[in-house]
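Structure record follows, encoded as structure tokens.
2 protein chains.
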Amino acid sequence: MPVQNAMTADFLRSAYGGESMAHMRYLIWGNLAEKEGFKNTGRLFKAIAYAEQVHADNHFKELKVQQGDYTVAAGAVFGIGTIVENLQGAINGELHEIEQMYPVYLNTAKFQEEKGAERSFHFALEAEKVHAILFKQAQDAAKAGNDIQFESVNVCPVCGHTVTDEAPDKCPICGAKKEMYKGF
Amino acid sequence: MPVQNAMTADFLRSAYGGESMAHMRYLIWGNLAEKEGFKNTGRLFKAIAYAEQVHADNHFKELKVQQGDYTVAAGAVFGIGTIVENLQGAINGELHEIEQMYPVYLNTAKFQEEKGAERSFHFALEAEKVHAILFKQAQDAAKAGNDIQFESVNVCPVCGHTVTDEAPDKCPICGAKKEMYKGF
Ligand SMILES: [Fe+2]
Ligand SMILES: [Fe+2]
Ligand SMILES: [Fe+2]
Ligand SMILES: [Fe+2]
Ligand SMILES: [Fe+2]
Ligand SMILES: [Fe+2]
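Going down the list, the protein sequences come from chains A and B. Counting from 5, one number per residue, gives the positions in the first sequence under our numbering. Counting from 5, one number per residue, gives the positions in the second sequence under our numbering.
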């Protein structure tokens with residue numbers, strides 16, 4: 005069933021705006037990391053950019069029937085600095101989503117009994133928790149002048165779950181099969 | 005020189021938000037068009053999604069020194085409908101940028117003597133004019149049940165200028181060479 009309540013719809017639009025801007029800045033920071041020779045940090049940014057696209061896509065589709073033009077208010081991090089600084093920007097954005105934004109949006113969706121939005125916010129919240137950890141690992145490496153080490157990064161196309169090296173048999177967030185993960 | 009004035013910086017952030025959301029919804033609508041067998045309409049959406057990425061990238065980079073977290077207010081179109089309806093959503097968004105948003109942002113950048121922002125807003129405004137025409141062509145075809153006809157779509161990676169079939173020797177907006185155009 006499409007979203008019925010104005011407040012949950014508003015939060016879906018804000019979350020869509022936030023995810024769209026996160027997707028874009030991770031592509032920008034990823035390209036910069038690659039240019040500076042941090043190839044895996046660049047890949048991590050691009051893989052997580054794809055995960056944010058999955059979140060934006062999910063939120064947009066829950067809004068199906070809410071057609072039209074809206075002014076969207078959404079949080080975003082700005083700035084181009086060193087790799088360590090850009091990774092700090094990424095960590096700050098993820099932590100805001102984990103600690104403040106998605107818990108409130110999820111709580112609202114439950115309160116307004118919006119099952120579709122609840123699912124979409126839950127997927128994003130759980131995926132962001134992994135993103136914050138991965139960006140922190142990349143930042144710890146970058147602080148020592150190193151690139152983060154992994155063979156590949158894999159992203160669940162249903163919920164945005166992100167994992168370095170081998171994907172799990174079943175996505176721990178949404179249950180999607182290993183074969184569905186998209187590799188970077 | 006990086007942006008100095010708070011109002012121009014605010015408009016760069018809003019434009020970044022609007023472009024990031026446009027990029028995302030064109031990817032979504034492009035995938036839906038492809039699934040319905042409108043392959044070229046899908047390619048057009050994806051090519052223009054890339055052009056919006058160029059605009060977002062330009063705006064973000066003009067904000068270089070304005071690091072930190074912001075709440076961004078930005079216009080966006082929502083809704084998933086028929087191909088003709090989605091193309092109307094795209095046309096509406098482009099026309100708002102052409103007739104209202106970018107003229108005001110450009111006028112402000114000139115008034116505040118922000119050369120970098122002026123360039124970034126000018127590039128976007130001129131590219132959006134072509135986007136509105138191309139989406140209208142695709143919509144006219146879709147209304148008759150047909151897919152828009154072309155061999156390729158080419159996008160200037162500097163300003164987002166978009167052209168079906170052969171790229172011009174020099175980009176009419178920014179002067180970039182034909183060889184730089186990205187094909188879709
Ligand atoms: Fe996300
Ligand atoms: Fe994330
Ligand atoms: Fe998943
Ligand atoms: Fe644009
Ligand atoms: Fe456009
Ligand atoms: Fe150009």
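Glycine included, every Cβ here is placed at the ideal spot set by N, Cα and C. All values reported here derive from a predicted model rather than from experimental measurement.
In this structure, how does DSSP classify residue i when only helix, strand and coil are distinguished?
{"i": "residue 86 of chain A", "result": "coil"}
{"i": "residue 164 of chain A", "result": "coil"}
{"i": "residue 93 of chain A", "result": "helix"}
{"i": "residue 35 of chain B", "result": "helix"}
{"i": "residue 74 of chain B", "result": "strand"}
{"i": "residue 80 of chain B", "result": "strand"}
{"i": "residue 69 of chain A", "result": "coil"}
{"i": "residue 187 of chain B", "result": "strand"}
{"i": "residue 62 of chain A", "result": "helix"}
{"i": "residue 9 of chain B", "result": "coil"}
{"i": "residue 158 of chain B", "result": "strand"}
Can you tell me the Cα-Cα spacing of residue i and residue j, whole angstroms?
{"i": "residue 149 of chain A", "j": "residue 96 of chain B", "result": "48 angstroms"}
{"i": "residue 47 of chain A", "j": "residue 167 of chain A", "result": "12 angstroms"}
{"i": "residue 90 of chain A", "j": "residue 24 of chain B", "result": "18 angstroms"}
{"i": "residue 22 of chain B", "j": "residue 78 of chain B", "result": "5 angstroms"}
{"i": "residue 123 of chain A", "j": "residue 93 of chain B", "result": "26 angstroms"}
{"i": "residue 75 of chain A", "j": "residue 74 of chain B", "result": "16 angstroms"}
{"i": "residue 128 of chain A", "j": "residue 173 of chain B", "result": "45 angstroms"}
{"i": "residue 103 of chain B", "j": "residue 62 of chain A", "result": "31 angstroms"}
{"i": "residue 146 of chain B", "j": "residue 111 of chain B", "result": "36 angstroms"}
{"i": "residue 33 of chain B", "j": "residue 84 of chain B", "result": "8 angstroms"}
{"i": "residue 169 of chain B", "j": "residue 151 of chain B", "result": "15 angstroms"}
{"i": "residue 101 of chain A", "j": "residue 154 of chain B", "result": "42 angstroms"}
{"i": "residue 132 of chain A", "j": "residue 53 of chain A", "result": "11 angstroms"}
{"i": "residue 134 of chain A", "j": "residue 26 of chain A", "result": "15 angstroms"}
{"i": "residue 126 of chain B", "j": "residue 42 of chain B", "result": "32 angstroms"}
{"i": "residue 68 of chain A", "j": "residue 16 of chain A", "result": "11 angstroms"}
{"i": "residue 40 of chain B", "j": "residue 71 of chain A", "result": "20 angstroms"}
{"i": "residue 158 of chain A", "j": "residue 56 of chain B", "result": "26 angstroms"}
{"i": "residue 6 of chain B", "j": "residue 20 of chain B", "result": "16 angstroms"}
{"i": "residue 130 of chain A", "j": "residue 107 of chain B", "result": "41 angstroms"}
{"i": "residue 171 of chain B", "j": "residue 180 of chain B", "result": "11 angstroms"}
{"i": "residue 66 of chain B", "j": "residue 144 of chain B", "result": "37 angstroms"}
{"i": "residue 109 of chain B", "j": "residue 14 of chain B", "result": "10 angstroms"}
Residues in its own chain within less than 7 angstroms of residue i by CB, not counting five upstream and five downstream?
{"i": "residue 3 of chain B", "result": "Within the shown structure, residues of chain B are numbered from 5 to 188, placing residue 3 of chain B beyond reach of any answer."}
{"i": "residue 176 of chain A", "result": "165"}
{"i": "residue 161 of chain B", "result": "58, 184, 186"}
{"i": "residue 37 of chain A", "result": "45, 46, 49, 87"}
{"i": "residue 29 of chain A", "result": "81"}
{"i": "residue 142 of chain A", "result": "45, 48, 91, 152"}
{"i": "residue 12 of chain A", "result": "112, 113, 116, 118, 121"}
{"i": "residue 18 of chain B", "result": "76, 77, 78"}
{"i": "residue 140 of chain B", "result": "95"}
{"i": "residue 60 of chain A", "result": "20, 23, 24, 27"}
{"i": "residue 64 of chain A", "result": "20"}
{"i": "residue 156 of chain B", "result": "169, 187, 188"}
Do we get a CB-CB distance below 8 angstroms when we pair residue i with the residues of chain B?
{"i": "residue 25 of chain A", "result": "yes"}
{"i": "residue 81 of chain A", "result": "yes"}
{"i": "residue 186 of chain A", "result": "no"}
{"i": "residue 75 of chain A", "result": "yes"}
{"i": "residue 125 of chain A", "result": "no"}
{"i": "residue 50 of chain A", "result": "no"}
{"i": "residue 109 of chain A", "result": "no"}
{"i": "residue 139 of chain A", "result": "no"}
{"i": "residue 99 of chain A", "result": "no"}
{"i": "residue 67 of chain A", "result": "yes"}
{"i": "residue 180 of chain A", "result": "no"}
{"i": "residue 3 of chain A", "result": "As shown, chain A starts at 5 and ends at 188. That puts residue 3 of chain A outside it, with no answer to give."}
{"i": "residue 46 of chain A", "result": "no"}
{"i": "residue 104 of chain A", "result": "no"}
Go through its chain and collect everything with a Cβ distance to residue i's Cβ below 8 angstroms, but skip five positions before and after it.
{"i": "residue 99 of chain B", "result": "136"}
{"i": "residue 31 of chain A", "result": "49, 50, 53"}
Do we get a CB-CB distance below 8 angstroms when we pair residue i with the residues of chain A?
{"i": "residue 39 of chain B", "result": "no"}
{"i": "residue 54 of chain B", "result": "no"}
{"i": "residue 8 of chain B", "result": "no"}
{"i": "residue 164 of chain B", "result": "no"}
{"i": "residue 28 of chain B", "result": "yes"}
{"i": "residue 96 of chain B", "result": "yes"}
{"i": "residue 32 of chain B", "result": "yes"}
{"i": "residue 15 of chain B", "result": "no"}
{"i": "residue 84 of chain B", "result": "yes"}
{"i": "residue 60 of chain B", "result": "yes"}
To which residues of the same chain is residue i closer than 6 angstroms at the C-beta, ignoring the five residues directly before and after it?
{"i": "residue 35 of chain B", "result": "none"}
{"i": "residue 182 of chain B", "result": "171, 173"}
Cβ of residue i within 7 angstroms of any heavy atom in ligand 7?
{"i": "residue 131 of chain B", "result": "Looking at this structure, you won't find ligand 7 anywhere; what it does contain is ligand 1, ligand 2, ligand 3, ligand 4, ligand 5 and ligand 6."}
- Message: If you measure from each CB to the nearest heavy atom of ligand 3 and keep those under 6 angstroms, what residues do you get, in chain order?
- Response: The answer, residue by residue, is A/160, A/162, A/163, A/165, A/175, A/177, A/178, A/180.
- Query: Who's in the neighbourhood of ligand 1, going by beta-carbon under 5 angstroms from any heavy atom, listed in chain order?
  - Reply: Taken from the N-terminal end onward, the list reads A/23, A/56, A/59, A/128.
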